[in-house]
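Read through the structure below, which is laid out as structure tokens, and then see the notes.
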Amino acid sequence: MRSALSRTLFQASRSWQPSTTLRPLTRLSYSTTTTTHGAHHIQTRIPPKESVKNGHRFKEFDLNDRVYAITGGGRGLGLAMAEALMEAGAKGTSQLSTASTASKTPTQTSWPQKSTQKPTTAAAGVLPNRVRDDAEVNNVFAEIAGQNKRLDGLIAAAGINHLQSALEHSQTAMNEVMQINYNGVFNSATAAARQMFNYQQKGSILLIASMSGLIANKGMTSPVYNSSKAAVIQLARSLAMEWGRHGIRVNSLCPGHIITPMVEQVFQQNPASRAVWEAENMLGRLAYPEEFRGAALFALSDASSFMTGSTMLIDGGHTAW
Numbered sequence: 001m002r003s004a005l006s007r008t009l010f011q012a013s014r015s016w017q018p019s020t021t022l023r024p025l026t027r028l029s030y031s032t033t034t035t036t037h038g039a040h041h042i043q044t045r046i047p048p049k050e051s052v053k054n055g056h057r058f059k060e061f062d063l064n065d066r067v068y069a070i071t072g073g074g075r076g077l078g079l080a081m082a083e084a085l086m087e088a089g090a091k092g093t094s095q096l097s098t099a100s101t102a103s104k105t106p107t108q109t110s111w112p113q114k115s116t117q118k119p120t121t122a123a124a125g126v127l128p129n130r131v132r133d134d135a136e137v138n139n140v141f142a143e144i145a146g147q148n149k150r151l152d153g154l155i156a157a158a159g160i161n162h163l164q165s166a167l168e169h170s171q172t173a174m175n176e177v178m179q180i181n182y183n184g185v186f187n188s189a190t191a192a193a194r195q196m197f198n199y200q201q202k203g204s205i206l207l208i209a210s211m212s213g214l215i216a217n218k219g220m221t222s223p224v225y226n227s228s229k230a231a232v233i234q235l236a237r238s239l240a241m242e243w244g245r246h247g248i249r250v251n252s253l254c255p256g257h258i259i260t261p262m263v264e265q266v267f268q269q270n271p272a273s274r275a276v277w278e279a280e281n282m283l284g285r286l287a288y289p290e291e292f293r294g295a296a297l298f299a300l301s302d303a304s305s306f307m308t309g310s311t312m313l314i315d316g317g318h319t320a321w
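Its first residue numbered 1, the sequence shown is counted upward by one per residue in full-length UniProt numbering.
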């Protein structure tokens with residue numbers, strides 16, 4: 001029986017001839033076309049580049065006219081991601097002031113001076129101490145969506161840290177960290193989804209967690225912060241399960257150590273931390289916020305259309321030892 005099977009396979013291999021209809025891969029190009037319920041919005045074939053004047057490559061990364069909200073978009077990682085979305089064509093929205101005397105009405109944010117592209121508005125930045133207010137977050141997101149008649153997604157980047165050992169950690173500090181890092185992310189994600197449902201708009205939500213939600217960091221004693229980020233990772237999975245069939249994708253991003261204002265505060269309290277952190281990853285250095293622009297664009301665009309409930313770990317190899 002084995003010899004008969006071998007003869008059959010041998011004859012089949014001899015009779016095979018290359019297809020004359022195959023074309024070199026380099027002659028093919030693809031684009032993303034947004035459809036209401038279509039499953040084939042990725043890799044829709046378009047004419048070869050030489051036949052298309054000013055051909056648009058990687059159209060699945062195009063965010064033209066889309067509207068996103070970004071919490072914590074006023075500095076650090078959130079700001080870098082906001083700039084990336086704007087550069088890819090996303091419309092801008094508004095920012096809440098942290099001043100106690102300021103109006104609760106969202107106000108326009110000025111575009112950073114270093115940017116060469118200056119849209120009329122900037123990306124939304126609901127600042128950390130405001131995301132805990134569920135009613136306010138919902139009102140802001142409703143206004144953003146109402147002005148644009150759509151909301152395509154969210155980056156929830158607002159967060160704080162608190163360095164304290166478990167036995168000395170106060171309840172006040174614990175509540176502060178959890179209310180912003182977890183409650184605030186939950187409030188932002190549900191407020192965004194509420195508007196996406198309201199306007200029947202499919203899209204993507206990215207929750208900023210941390211590799212600290214997966215490991216305990218040498219040189220950083222912060223049990224509550226670590227726990228809050230672990231909760232964000234699980235929240236992303238849970239919301240992805242709830243909203244996936246409605247066209248809303250939810251993922252989390254776990255960055256390694258990044259040089260941000262929040263991290264600089266850690267170094268002020270514990271100067272030795274920097275050397276420890278640099279030695280603990282495979283690249284021997286800390287990350288810059290701009291190194292996560294591509295991850296944000298990938299997660300919020302159609303390029304990641306089949307990704308939900310996932311955790312993107314970008315840590316310079318810190319957790320891969």
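The C-beta atom is built at its ideal place from N, Cα and C for all residues, glycine as well.
What you are looking at is a predicted structure, and each value in this text was computed from that prediction instead of being measured.
Span separating the alpha-carbon of residue 208 from that of residue 147: Residue numbering aside, residue 208 sits at position 208 when the sequence shown is read from its first letter. Residue numbering aside, residue 147 sits at position 147 when the sequence shown is read from its first letter. So the two alpha carbons sit approximately 26 Å from each other.
Extent of the continuous beta strand (DSSP E) to which residue 71 belongs: Numbered from 1 along the sequence shown, position 71 holds the residue referred to as residue 71. Run containing residue 71: 68-71, per the beta strand (DSSP E) assignment.
DSSP three-state assignment for residue 131, whether helix, strand or coil: Counting from 1 along the sequence shown, the entry for residue 131 is found at position 131. If DSSP states are grouped into helix, strand and coil, residue 131 belongs with coil.
Among 212, 161, 312, 231, the one whose alpha carbon lies nearest that of residue 182: Position 182 of the sequence shown, counted from the start, is the residue given in the question as residue 182. Measuring from the Cα of residue 182, the nearest candidate turns out to be 231.
Buried/exposed call for residue 165, threshold 16 Cβ in 10 Å: Along the sequence shown, read from residue 1 onward, the residue named residue 165 stands at position 165. By the 10 Å Cβ count, residue 165 comes out exposed.
Rounded straight-line distance, which links the Cα of residue 59 to that of residue 253: Here the question's residue 253 lines up with position 253 in the sequence shown. Here the question's residue 59 lines up with position 59 in the sequence shown. Cα-Cα distance, rounded: 23 Å.
The alpha helix (DSSP H) enclosing residue 184, as first and last residue numbers: Position 184 of the sequence shown, counting from 1, holds the residue named residue 184. Element bounds for residue 184: 184-198.
CB contact flag (residue 157, residue 76, <9 Å): Within the sequence shown, numbered from 1, the residue matching residue 157 stands at position 157. Within the sequence shown, numbered from 1, the residue matching residue 76 stands at position 76. Using a Cβ distance threshold of 9 Å, residue 157 and residue 76 count as a contacting pair.
Classification of residue 261 by the beta-carbon crowding that lies within 10 angstroms, buried from 16 upward: One-based indexing of the sequence shown puts residue 261 at position 261. It is exposed - the Cβ of residue 261 has fewer than 16 other Cβ atoms within 10 Å.
Residue 147 CB to nearest heavy atom of the ligand ADP below 8 Å: The model on display carries no ligand, and the ligand ADP is accordingly not part of it.
Outcome for residue 238 when other beta-carbon atoms lying within 10 angstroms are tallied against a minimum of 16: Sequence index remark: in the sequence shown, residue 238 carries index 238 (1-based). Exposed.
Uninterrupted beta strand (DSSP E) stretches inside the region 221-283 (no shorter than 3 residues): Runs found: 248-255.
When 281, 179, 159, 188 are compared against residue 136, the one with the closest alpha-carbon: To locate residue 136, count along the sequence shown from 1; it is residue 136. Of the candidates 281, 179, 159, 188, the one whose C-alpha sits nearest the C-alpha of residue 136 is 188.
Given residue 179 as reference, the closest of 195, 229, 251 once Cα atoms are compared: Locating residue 179 in the sequence shown gives position 179, counting from the first residue. Nearest of 195, 229, 251 to residue 179, Cα basis: 229.
For residue 311, the three-state DSSP class (helix, strand or coil): Indexing the sequence shown from 1 puts residue 311 at position 311. In this structure, residue 311 counts as strand in the three-state DSSP scheme.
For residue 122, the three-state DSSP class (helix, strand or coil): If you number the sequence shown from 1, residue 122 lands on position 122. Summary for residue 122: the model assigns pLDDT 36, below 50, so the residue's position carries little reliability; its value from the coordinates is reported in the next sentence. Correct three-state label for residue 122: strand.
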